[in-house]
Each structure stands twice: as structure tokens, then as C-alpha cells.
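Heads up, the thing below is written out as C-alpha cells.
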Amino acid sequence: MEEKKLELVEFPILARRYKTLLTIKYAQRKAYVPPNPNEIRSVIPGTIIELKKKKGAKLKAGETILILEAMKMLNKVAMPFDGKIKKIHVSKGQKIAKGHLMVELEPKK
Amino acid sequence: MSLKKHILDLRKRREKVQLGGGQKAIEKQMAMGKMTARSRILALLDDESFTEYDLFVEHEARDFGMDKKQLHGDGVIIGTGTIYGAPVCIFAQDFTVAGGSLGLMHARKITKIMDHALKMRVPLIGINDSGGARIQEGVNSLAGYGEIFYRNTVASGVIPQISVILGPCAGGAVYSPALTDFVFVVDNISKMFITGPNVIKTVLGEEISMEELGGARVHAEITGNAHFYAASELECFEQIKKLITFIPWNNTQKAKVFPPCDPKFKGNIEDIIPSDPKEPYDVRDVIKAIVDDSDFFEIQEFFAPNIVIGFGRMNGQTVGFVANQPLVLAGVLDCDSSDKAARFIRYCDSFDIPIITLEDMPGYLPGADQEHAGVIRHGAKVLYAYSEATVPKITVILRKAYGGGYIAMNSRHLGADFMFAWPSAEIAVMGPEGAANIIFKKDIEEADDPDAMRDIKVQEYIERFANPYVAAAKGYIDSVIEPSETRQLLLHAIDVSGNKSDQRPYKKHGIPPF
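First to last, the protein sequences are chains A and B. Counting from 1 along the first sequence, just add 114 to a position and that's the residue number in this note's numbering. Counting from 1 along the second sequence, just add 516 to a position and that's the residue number in this note's numbering.
Listed below in C-alpha cells is the structure:
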């Protein structure tokens, strides 16, 4: 395995700071981002098959917004609460990864 | 009529079949920088020791024009041989024959040699180099994989199982190596993944190379699927041979005992470790100062390097080492290092190999990523593995042993047989700074100079509690030792625990936090 450049860093555990090396995996870890309830993100990679609703549409909880084909299944992506579609970020036929922002919502006041 | 005619006919048949997919396919294999299946077996086993079976096996597939195709040996070579005199069963998939694809008879050959290995109670080595299931044989090839997995599981903990990935190993095929004890990979040659780059491209439109997705380096460093990483096939075979010298042939025997040998290390062992518990050092130097010939055979060197595992010998007898590595991530326990240590502890316990634990760790790795990745579930594996193990278990606390980490790293409370601590050991519920902040919160807050008061209280805590004597006073530590006595005391501990008997209540099996 090729040599990585190794540098000791300060590494805090509880109230103490240790001098140590980091692993690539640790250095590349993703910071926690709290989920935004007004965003619908894909939970599985797949293809957008159909957009059932348009921007600005007022929907009731449970209504289907779009169909995401993944793992040979047609997954209905539904409205999580009563509200309005603020913006649609995907188009028909688009292939998306897991965690991709699909729809932005605005809850009913 | 003499038998001569028949013998000549046999030779001719053998010669033809032993060429596998033929000269052209062999040249193609070599152009990829790969050895052929047969040359791999011959390079790995002792000279003249390989005996082949099922050379003339042929497939029975009829669909898709398969009835007109002859696939020599059905794409896999099986047989028996020896490594440094130790008997082994071996199979090697032959990529030159239909891409080493797995059909029914191919799988039957593999399961035959697996059954043989289990019956004879000898190690099994599988060399994987296959494009995957033979699609033309349909569900029969799936049946083949399933029957291999079943045998891997039945044999687990009875005979050592070694997988060598020397080519593609994709889809269902990866699960046989994953069920075995040790997986070997070679740079640029080994590729393992469940869904390949093509599928990822189709589904996601993302481009990723085979190497980036599931190359040797990825599995050695990121996933932990591989235990040994080599730059070439020949280096890989040397690693396998060395591993074979450390492990027993099966779970009822002891590993071969070698002539005792002093460590090559000739310094003061205490000079390896800085007295400031915040300063790092390489714990492998401590292991090398303790083991015979300073020969430490590390496993999973690049995966979760914040814990070090591997084999060494003490007076010629194989011992498993588990050691926190302060050089990397301060030696914390996290999801990966817990997983790595727990599996190794269970390996040692299955194959009657005593475990020596060297402890110097500040606790568990904090962070939302760790908590969400299940550090509770993974960390529990270490507790389970140590508590479950009935082989001789010896711990030496070198420096820090704080909190949950103190309990986890083979403490007396999990059934350690011998607990030694260097005088530099700090056995406490947490690091002195953290403890002082909590215990003396009021004193610090109400002081005119809180920082000065904190320093005083931290110092007070260090003097009273950051040492091995509080634990020794309770008998949690058997002996506070001078670092220079370490090897002698470990040798003694192993000597006197040769007849250890630790009977547990009957159960079918436990339910470890997988």
C-alpha cells in the first residue's frame, strides 16, 4: 500500500486532547445534518418515472407526488402532511442517488 | 494386450484437460498480470504435494447451446496437498474456462472438497477468480452458491477456512469468502462487490471504477472484508503460508509449537512508551518487544488501525494479541475497531489460542456518526467476545484504562485470568480532566480563578486516582509489574494456564450482537 503522509493531530476525547494520527475513513466522515421536514429526499437510488403533481399544488397528507422506480419496484412518494409543493427538483427520467433532494414543501398554515 | 495403450490415453486426456481453457485463454490470463489456477496451487503448496481430483468432471447443462460446449474441469481445480507439511484441502477457480463461472458441477466439485476438508479436519483454502454465476445454468448455479455457504457455516470454527481473491468475485460469490476466517487480496487483481460498476451506472448514472468500488485497497482499508493485503500473488502466497504456521489444523488441536526464541528487541521496553498519557507511540513496538523473535504477524493492518490484532509466539506457542493503538485515533474503540477485535477474539477462542490484551485507551469515539452507525451494538461485540472466550485471557494495562474501555478490554470483570498493570497505568472512571470537571464542578465554579482551581483539582485527581493502585487494592488487578518483567510474567501466565477449564451452562449457541 502506498505511503500516506502522516501527521499527528490534536484529538479531543472528553476533556483531554491526545496527539494521534487520523484514518482516511475518519477524516472523510460526514458531519451530521439534521433532517429538514420540509424536504423529501430519496431513501433509495432509482429513476423518476412519473411526476404526478406540479409546483404550487396544494395536497393532503398521503397524496402521491411522484413515482420513483427502484429495485424493480414502482415506489409512490407521498405527501407527508397537508401543504403545498414549493419546488420540484427532479424531472421525469432522471436517475438519482440515495439522499437526493426531490421535492421542497410548505406546510399548510 | 498391455495396459500401455490405456496409460498413454490417460496421459493424453490429462494433458488436454489440464490446459483448462487452452493456450490462448492462458495467455490472456497472464496478460492481465494473473497466474493460472494451476500455477497458483503449485506455487502455494509444498513441492510435489498437490493431488488433484475430479479432473474429468463435465457439466450437464443443455440450454442455450451449452450441450455442445466442453468446459474442462468445469472451471475449477480441486485437490489436497500440504503447506510446510500441514495437510490442506484446496480449490482454485479457473478463469480461463468460461470465466471461472460457477455452474452446478463446478459447485459440486467445491462442495466435495469442502466436505472432505471437514471430514479430515484440515484447513480449507479457496482461490476465487470467477465472473460469477453461470447464467446459462440458471437456478442450478444459485443452488451451488447456497450449498457452498451452508458448508462454510457448518465448518466455521471447526477447521480454518481461508479465501484468496485473485480476480473478480462478484454478486453472490462474495459471500463465501465473507463467511470464511481470513480473506487475502492482491493489489490490482482482487475485485469484490455485490453490484458492479455497470449496475451502478445503469441505476444511478454514476461512474466508478472496479478498483475504487471494490479493489484490494478498499477492502483492506475501508470495508474490513480483507484481512491480508499483498502487492503480488507470490507475496500473498507467502502470507498464507505464514498464517498456516500460526494456526491449528482444527478446533481440537493446538497450533504447532516452535522452538522458544527470545525477542530480537534489545532495549528497555519502558522507553517505548511516553509517560505523558496524551503522547502517542506505536503499540506494535511493545508487542515486538514481548514476542518470540520479535515476530508479530499482524491481521487487518490497514482496517481500523486504532486497534491492533495478530499472532505471535510466546515460548514457541501461538498467542493472539489484541492491543489498543494510541498512534491512531488515540486508540479509541469505535464501530470498526470493535468489530475487528471481537471477531478475532472469537477466532482465537474457537481455535484454542490464548489471548493477550495490551490496553491503553481513552474510551469510545464520540460523534453522531458513531452513535448512528451503532457503536452501542458494535461495542457490545467486544464485551460479548471477551466474556464468551474460555481460552486463557491475560491483560496488561500499559497506560490509560478509562471508563467503558477499561471494562471492555478484557477486564477481570469479563473473566480475565491474569490482570497485570504497569505502574504507569491509569485506571479510572474517566480521564482526570473530565472527572475533575464533574466532581469538583462547584469548587471550580465558585473559585476566584476557576482555571487555576481546575488545574489544582485535576492534579489532585491524578495523584489520588490515575494509578493502578486503587484497582489493585480491590484485587481487580492481580499484580502491578515493572515493564521489564512483562515477557517473563506472560510466559509464566501461559505456562500455568495450560489446563484451564471454564465450563459454561449448556446452550445451543448465544445470541451475540451481530
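Just so you know, even glycine gets a beta-carbon here, dropped at the ideal spot from N, CA and C.
Proximity test, Cβ basis, 8 angstroms: residue i and chain A
i, result
"N953 of chain B", "yes"
"D885 of chain B", "yes"
"L658 of chain B", "no"
"E979 of chain B", "no"
"K794 of chain B", "yes"
"M946 of chain B", "yes"
"I788 of chain B", "no"
"N848 of chain B", "According to the sequence provided, residue 848 of chain B is Val. The question's Asn does not apply to it. V848 of chain B counts as touching chain A."
"G687 of chain B", "no"
"L729 of chain B", "no"
"G950 of chain B", "yes"
Chain B contact for residue i (CB, 8 angstroms cutoff)
i, result
"A129 of chain A", "yes"
"L122 of chain A", "yes"
"L180 of chain A", "no"
"A211 of chain A", "yes"
"K186 of chain A", "no"
"G160 of chain A", "yes"
"K169 of chain A", "no"
"M115 of chain A", "Low per-residue confidence applies at M115 of chain A: pLDDT is 48, beneath 50, and the placement is therefore not dependable enough to give any value."
"K133 of chain A", "yes"
"L215 of chain A", "no"
"R143 of chain A", "yes"
"I138 of chain A", "yes"
"F125 of chain A", "yes"
Counterpart residues of residue i in DSSP-defined beta bridges
i, result
"Q652 of chain B", "DSSP lists no partner for Q652 of chain B."
"M187 of chain A", "A:A184"
"Q1042 of chain B", "The structure shown does not extend to residue 1042 of chain B, since chain B spans only 517 to 1030, so no value can be given for it."
"P603 of chain B", "B:T598"
"M969 of chain B", "DSSP, once it has assigned bridges, lists no residue as partnering M969 of chain B."
"F818 of chain B", "Per DSSP, none; premise fails for F818 of chain B."
"S692 of chain B", "Answer is none; S692 of chain B lacks a bridge partner."
"A839 of chain B", "B:V824 and B:L874"
"N644 of chain B", "B:I681"
Backbone CA spacing between residue i and residue j [nearest angstrom]
i, j, result
"K222 of chain A", "K198 of chain A", "7 angstroms"
"G883 of chain B", "E942 of chain B", "24 angstroms"
"Q470 of chain B", "W938 of chain B", "One cannot answer for residue 470 of chain B here, as it falls past the ends of chain B, which runs 517 to 1030."
"L135 of chain A", "H203 of chain A", "41 angstroms"
"I871 of chain B", "P151 of chain A", "50 angstroms"
"L720 of chain B", "Q208 of chain A", "9 angstroms"
"D971 of chain B", "A846 of chain B", "23 angstroms"
"E116 of chain A", "A747 of chain B", "Unreliable positioning characterises E116 of chain A in this predicted model, as indicated by a pLDDT of 47, which lies under 50. The coordinate reading is nonetheless provided below. Near 10 angstroms, if we compare the C-alpha coordinates of A747 of chain B and E116 of chain A."
"K856 of chain B", "K897 of chain B", "10 angstroms"
"E795 of chain B", "D809 of chain B", "28 angstroms"
"A1009 of chain B", "E1001 of chain B", "12 angstroms"
"A553 of chain B", "A689 of chain B", "17 angstroms"
"V674 of chain B", "F812 of chain B", "25 angstroms"
"I910 of chain B", "I738 of chain B", "30 angstroms"
"L173 of chain A", "K190 of chain A", "15 angstroms"
"E124 of chain A", "R131 of chain A", "6 angstroms"
For residue i, the three-state DSSP class (helix, strand or coil)
i, result
"G673 of chain B", "coil"
"A937 of chain B", "strand"
"Y1033 of chain B", "No statement about residue 1033 of chain B is possible, as the shown extent of chain B runs from 517 to 1030 and does not include it."
"A917 of chain B", "strand"
"M216 of chain A", "strand"
"M582 of chain B", "helix"
"Q769 of chain B", "coil"
"E749 of chain B", "helix"
"C777 of chain B", "coil"
"P194 of chain A", "coil"
"S1013 of chain B", "coil"
"R637 of chain B", "coil"
"G847 of chain B", "helix"
"S810 of chain B", "helix"
"M630 of chain B", "helix"
"S995 of chain B", "strand"
Residue i CB to nearest heavy atom of the ligand NAD below 7 angstroms
i, result
"L122 of chain A", "Among the components of this structure there are no ligands whatsoever, and the ligand NAD is therefore not found."
Proximal residues of chain E, C-beta to C-beta of residue i below 7 angstroms
i, result
"V844 of chain B", "Of the protein chains in this structure, namely A and B, none is chain E."
Worksheet item: Three or more beta-carbon pairs under 8 angstroms between the region 532-545 of chain B and the region 575-589 of chain B, yes or no?
Response: In short, these stretches touch, since the Cβ pair count reaches three.
Practice prompt. Specify whether the region 630-649 of chain B and the region 603-616 of chain B touch according to this definition: at least 3 beta carbon pairs, one from each stretch, less than 8 angstroms apart.
Written response: Yes: the two stretches touch, three or more of their Cβ pairs being nearer than 8 angstroms.
Worksheet item: Three or more beta-carbon pairs under 8 angstroms between the region 776-796 of chain B and the region 889-904 of chain B, yes or no?
Response: Too few Cβ pairs lie closer than 8 angstroms, so no.
Discussion item. Check whether the region 957-972 of chain B and the region 1006-1025 of chain B are in contact - that is, three or more C-beta pairs closer than 8 angstroms.
Written reply: Contact between the region 957-972 of chain B and the region 1006-1025 of chain B is absent: fewer than three C-beta pairs spanning the two stretches fall below 8 angstroms.
Practice prompt. Indicate whether the contact test is met: 3 or more Cβ pairs, each with one atom in the region 620-631 of chain B and one in the region 659-671 of chain B, closer than 8 angstroms.
Written response: When Cβ pairs closer than 8 angstroms are counted between the two stretches, the region 620-631 of chain B is seen to touch the region 659-671 of chain B, the count reaching three or more.
Discussion item. Could you check whether the region 690-698 of chain B touches the region 147-166 of chain A, counting it as contact only if at least three pairs of C-beta atoms, one from each stretch, sit closer than 8 angstroms?
Written reply: Short answer: they don't touch.
Worksheet item: Are three or more beta carbon pairs between the region 135-147 of chain A and the region 174-191 of chain A nearer than 8 angstroms?
Response: In short, these stretches do not touch, since the Cβ pair count stays below three.
Item to complete: Would you be able to state if there are at least three C-beta pairs under 8 angstroms between the region 766-773 of chain B and the region 713-729 of chain B?
Response: Not touching, per the Cβ criterion.
Fill in: Given 8 angstroms, three or more beta-carbon pairs between the region 173-180 of chain A and the region 521-530 of chain B
Judged by Cβ distances under 8 angstroms, the region 173-180 of chain A makes no contact with the region 521-530 of chain B, as fewer than three pairs qualify.
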